[in-house]
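Everything below concerns the one structure shown next.
Residue numbers (this note's numbering): 168 to 1194.
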């Protein structure tokens, strides 16, 4: 019977009363109104909605029925037989009395036809001929849905020549309003069951579904002009011959070609052509390794000689970086689009072998470019993502990235996804690789249009590519093109696929290429001649040969020529060794303090927040800053200087520990908010703070991509707890820590990772400092810019220290550091790792990120309990002009007054400093034990530590940490301190750094607070022992 969902559309008391309460009455309704059944409910919704908008748009029988129901007709008495239904094509129309009894068979047939049309729209893709090999069904189900058979609707051969009025939910009739059932099915088969499978009826928007139906059902949508067909052929030739040329020249090299899916190149070019005609002029592309070289050559038009040089292992890069394999490289290139004659920019992002890792990076880069160009609707900048079938359905980052697509602070207003569906993952059969029917089902969750297409049909591929670009432009929504193809070689050209897929590859060997098939088709149609076809092939082959000869003449390569995110003009006129002062005038601090301490008029804020703002005001009156003020001062001062600040992550608007409160919420009005940092100065830069979805992998990758676009923006990702950053370990390992060395790509991304042991258990204590330090690129046995100075008579500087001279006696040589030592270290490091203990240091290190003449990622471990610690405050004087970031903070108390009497020098980093000072003072050892802080762990502050060691010649040196011995900074600090002592303090009595802290453990922290306190008590007691 008609479900309640249908009746919710049939509004009004007369219609609503049709939902009857007794089974007897329901049975009577089914008998008298047989079309009110569950299978018809969706159709009734559509037809009723159309009747409400325009009664003349539906068949007269439906008009009469809805009018009678609205007038209160009893069940079974509201409809009359439709005057034109069920007639033979040669049968003249007859008048039918409104009061005549209905022909139940005619009504059922009429409704069945509507259901058939809807079934093809919903399920036709499951019967489409998508596999070029004819082996598998793309949905892994070889059965034909029963809803696509006439028998399912009690229809048969005699009904095929009956004429039926077409409903407003289909466009197969073109300019005709009625067709025979035979013609209806023929046209539906042509639209939905040939080489294109349109999956769209799950989309919960009548407008979008109607748009799709119009695009595909309108007769002639697959028609191409001779010129268009010749263009398709030329593109297939280029894609095919590039692979053939590469295979011939480098037969034993891995290149991950796209043989079997050559139509990827024309598909991409069609997407770009159509989008360019619709106004897009910048394309950010992410893709795995398969087909990358072909895309770079034939889509981006990277000079072929540059690509061919990558096959020559003898060539070395003449600039920085160690490079990457050729099928991981990216590029950025502007060129004329020959179809639209418009200038476009194409940026292909570098990507590791982690196939889908680049997805959120591309989205972040795209979002940033849209933001800085004021492209609020994505009309000028768009993203294109290429995928493999196995990775698209198998890797979780795909799902995470899709879920960013409609979030206001992350949406790129529609991405075009192209899946190179080889129907195999390395060696894994798709039936073993996914639980869903299609590899593209992940896209259904965001109501994305999904277009499956046989990749051996060039015109079908070109058609869906054009529609995909138009869909993205029309609705700013994602769309997926599923290129169902095959892989002519194995996983790579050296792999043997017959081991695991013997039957598939026997079939592949027999399969003609798409170029062979399409060229024969066009020759047969008279579109091109055989000679024209051969001439086009010879023309491109000559282009490849000429480029090959140029490549052989190259003597070096340049990693920088593969840069995917160039910063034009950023490095010019900058002294690479000069760092401007990071302090600011007191007037700036005062202005920012007032703005962030006072709620706007007319806004009711939470009483607890009032107290927090009042505390800010009181601290400002004293010219003091807690952690939140130090952070907000950094942001506010940068905004004043025109630097955009973007802070993203889980719960960052308030802050996990309720310290930031960067967004104020009215307690009485929903969605009424106020962002104080956006109301500081008339011409300030914007401040973007956005709570993200509950994702680390995708969101960190997104912010990395965002940071690649504009070096003059401070882009920050904050973890809810530092422990959770390991969910995004791939982004850290493959992009952030190594991106500059592999791809000469700088990034100033900041990671804020809350870290500290406070008895909160193993998942809320450690940001895994040791892992970040292990990935630091500095050598524990090398001090950058180190020199030996002979004291007398000529003060001659010797060359940098080698292993041979590390044993030189300190009595004959003096170890010194150059004035540019700190900046030289920053140049050479792959990133900066810091664990700050004061608000002023936080302020300076954040501002330093922007003022540096280059960009390095910053991994910053942030506190939790220190956010409100009474001793963790900084005077404003520490943030004024002349002040700076302190890489190392030496002891400044009683022990520093008589350093030669100090018995122990404790080195530490982070929150444990405050615990040590408290306990040291409690036991009266302030003169015996000096405690110094290493604020910047990477690069290691050798120069400042050396100066501190010179003050305490008799002291034992001990590293104290709250982390376990196999964690924290111990294994990083120990060899560096010992190396410094060895080369600079050879005569020192205490030459080795000792350890105090928790013992080794598999778990980062104890699960019980009592155990936590006991462990802390033990290592504190040991640390404060001087005997």
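Note that beta-carbon positions come from the ideal geometry of N, C-alpha and C, so glycine has one too. Every value quoted in this text rests on a predicted model; they were computed, and no experiment measured them.
> If you draw a straight line from the alpha carbon of residue 846 to that of residue 760, how long is it in whole angstroms?
Replying inline: 12 Å
> Beta carbon of residue 1025, beta carbon of residue 1017: below 8 Å?
Replying inline: no
> With distances taken from CA atoms, which of 864, 938, 994, 888 is nearest residue 908?
Replying inline: 994
>> Cutting at 8 Å between CB atoms, please list the residues of its own chain near residue 563, excluding the five before and the five after it.
In response: 864
>> Quick check: the Cα distance between residue 640 and residue 378, rounded to an integer number of angstroms?
In response: 13 Å
> When burial is assigned at 16 or more other CB atoms within 10 Å of the CB, is residue 634 buried or exposed?
Replying inline: buried
> Could you give the residue range of the beta strand (DSSP E) that holds residue 498?
Replying inline: 498 to 504
> Would residue 920 be called buried (16 or more neighbouring beta carbons within 10 Å of its own) or exposed?
Replying inline: buried
>> With H, G and I counted as helix, E and B as strand and the rest as coil, what does DSSP make of residue 654?
In response: coil
>> If you follow the alpha helix (DSSP H) that residue 280 is in, where does it begin and where does it stop?
In response: 271 to 290
> Which residue's Cα is closest to the Cα of residue 1046: 1008, 374, 1065?
Replying inline: 1008
>> For a minimum of 3 consecutive residues, which ranges assigned as the beta strand (DSSP E) are wholly contained in the region 585 to 656?
In response: 616 to 621, 646 to 651
> Whole-angstrom Cβ separation of residue 682 and residue 404, contact assumed at under 8 Å?
Replying inline: 6 Å
> Whose C-alpha, out of 575, 551, 568, is nearest the C-alpha of residue 544?
Replying inline: 575
>> Quick check on residue 726: buried or exposed, where buried means 16 or more other Cβ atoms within 10 Å of its Cβ?
In response: buried
> Considering only residues of the same chain and omitting the five flanking positions on each side of residue 906, which have a CB-CB separation below 7 Å?
Replying inline: 912, 914
> Thinking C-alpha only, which one of 899, 305, 337, 302 is nearest residue 287?
Replying inline: 337
> What residues are listed by DSSP as bridge partners for residue 1025?
Replying inline: 917, 999
>> Can you look up residue 449 in the DSSP assignment and give me helix, strand or coil?
In response: strand
>> Given a cut-off of 8 Å on the beta-carbon distance, is the pair residue 1120 and residue 1071 in contact?
In response: no
> Around the C-beta of residue 843, are 16 or more other C-beta atoms found within 10 angstroms, so that it is buried, or is it exposed?
Replying inline: buried
> Taking the runs of the beta strand (DSSP E) that are 3 residues or longer, which of them lie wholly in the region 522 to 588?
Replying inline: 548 to 555, 582 to 588
> Opposite residue 1181 in the DSSP bridges: which residues?
Replying inline: Residue 1181 is not bridged to any residue.
> Per DSSP, residue 854 forms a beta bridge with which residues?
Replying inline: 812
> Leaving out five residues before and five after residue 738 in sequence, what residues of the same chain have Cβ atoms less than 8 Å from its Cβ?
Replying inline: 1020, 1021
> Mind checking whether residue 943 and residue 997 have CB atoms under 8 Å apart?
Replying inline: yes
> Out of 598, 357, 771, which has the shortest C-alpha to C-alpha gap to residue 836?
Replying inline: 771
>> Going by DSSP, what residue range makes up the beta strand (DSSP E) through residue 1127?
In response: 1123 to 1131
> Which class does residue 882 belong to by DSSP, given the choice of helix, strand or coil?
Replying inline: strand
> What's the call for residue 852, buried or exposed, on a 16-neighbour Cβ count within 10 Å?
Replying inline: buried
> Beta-carbon separation of residue 1195 and residue 1111 under 8 Å?
Replying inline: Here the chain covers residues 168 to 1194 and nothing more, so residue 1195 does not appear.
>> I want to check one thing, is the minimum distance from the CB of residue 771 to the heavy atoms of the ligand COA below 7 Å?
In response: Among the components modelled here there is no ligand, and therefore nothing to report on the ligand COA.
> Whose CA, out of 894, 1086, 1055, lies closest to the CA of residue 1076?
Replying inline: 1055
> Buried or exposed: where does residue 854 fall if 16 or more other Cβ atoms within 10 Å of its Cβ makes it buried?
Replying inline: buried
>> Please classify residue 619 as buried or exposed, where buried requires at least 16 neighbouring CB atoms within 10 angstroms.
In response: buried
> Which ranges does the beta strand (DSSP E) cover as unbroken runs of at least 3 residues, wholly within the region 280 to 367, from first to last along the chain?
Replying inline: 330 to 332, 345 to 347, 363 to 366
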